[in-house]
Structures are given as structure tokens and as C-alpha cells.
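Residue 946 is where the sequence shown starts when you use the numbering used here, and the numbers rise one by one after that.
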Amino acid sequence: KKFFLKTSLQNTINFPYIVWGYFSSTSNLYVKVRVKGVDVNYLIERVNFYSNIFNKIPNLIIKDMKSKYGYNKYKDNIICLSSRLVHYPKEFIDYVIVHEFAHYYVHNHSKDFYNVVSTYMPNYKQILNRSKKFSLLIKY
946 KKFFLKTSLQ NTINFPYIVW GYFSSTSNLY VKVRVKGVDV NYLIERVNFY
996 SNIFNKIPNL IIKDMKSKYG YNKYKDNIIC LSSRLVHYPK EFIDYVIVHE
1046 FAHYYVHNHS KDFYNVVSTY MPNYKQILNR SKKFSLLIKY
């Protein structure tokens, strides 16, 4: 089977199976999507936005993950996000992306790590509190 991915960052691309890979036309961002039927444009656009702020251009993977919102393999320059994030508020999506970019500077979840997060997103604690209520509404 072949599927199509159409984003505002790239023309329609035709790839076999459910793995797409392409370079964004607006940056050096490499994107690999491993889901179908999910509009991941916002995730791609926000990673592109924060890559300019953090001055890091990761390889982005978007796939279905049940137990994580995302992770950062800083040694391989990869940020992976769950496609399920599209069901969450945009402010929470931005928090997850900032969280993953912060791992380029601090590799654990120490106080220093959250100082980096708060530098880029001062209201992250309020966003986390609101998202806890929201996450109970999403059933998979």
C-alpha cells in the first residue's frame, strides 16, 4: 500500500507503507511519520518553530506511543513525539516539545532541567496542572 502525507511544510509526498520521510522545505528539519490518518501538521510546525528558538534542528519522528508523549535521543539528534498529542490542547503540545528540546541542555529531570524549561515556558506548571484534567478525558 501507499499513503500520502500532505503538510503545509512540504508538497504531497508518496511513500510506501506507513512510513514517510522528507526534508521540510522551510528548514533543515527531517521528519519521519509512522502513523496514518492523523493530521500531524501542528506538531511539525511547532517543532520547526522551537528548533529556531533553541537553535537545534532535530530529526523528528512522529509515531503512535501509548505510554509516552515524547522522548529525546540527544546523542542521535532525534526528537520523537506521540501522534496522540494531536488530541491535547496546543499549549500542552508546546510544553512537550519544549520539554524534549530542554533535554539537549540537561539530560535528566533535575531542578536544572526544569529551570531550562521555565526559561522558555514560564507557565509550564499551570499547563501541566490543566493537562492532568484533560488527559482523563482521552480514552484509547
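Ideal Cβ placement from N, Cα and C applies to all residues, glycine included.
{"Asked": "beta-carbon Ile1002 near the ligand NAD non-hydrogen atom, thresh 6 Å", "Found": "Among the components modelled here there is no ligand, and therefore nothing to report on the ligand NAD."}
{"Asked": "C-beta contact flag for Ile1072 and Tyr1040 at 7 Å", "Found": "yes"}
{"Asked": "Ile1002 in three-state terms, based on DSSP", "Found": "coil"}
{"Asked": "Endpoints, the alpha helix (DSSP H) within which Asn1063 is located", "Found": "Note that residue 1063 is Ser in the sequence shown, not Asn. That run of the alpha helix (DSSP H) goes 1056-1065."}
{"Asked": "Secondary structure of Lys1077, DSSP reduced to three states", "Found": "helix"}
{"Asked": "Cut-off 6 Å between Cβ atoms - residues of its own chain near Tyr1065, not counting five sequence neighbours on either side", "Found": "Val1043"}
{"Asked": "CB-CB length for Ile1007 against Val980, believed under 8 Å", "Found": "7 Å"}
{"Asked": "Status (buried if at least 16 other CB within 10 Å, exposed otherwise) for Phe1037", "Found": "buried"}
{"Asked": "Residue from Val978, Ile1002, Phe994 whose Cα sits closest to the Cα of Asp1009", "Found": "Val978"}
{"Asked": "Span of the alpha helix (DSSP H) around Lys1035", "Found": "1035-1047"}
{"Asked": "Per-residue burial, Asn1053 [other beta carbons within 10 Å of its own, 16 or more giving buried]", "Found": "exposed"}
{"Asked": "Length of the line joining the Cα atoms of His1048 and Lys1078", "Found": "25 Å"}
{"Asked": "Backbone CA spacing between Phe988 and Phe1058 [nearest angstrom]", "Found": "The residue asked about is misnamed: residue 988 is Leu in this sequence, not Phe. Distance between the alpha carbons of Leu988 and Phe1058 is about 22 Å."}
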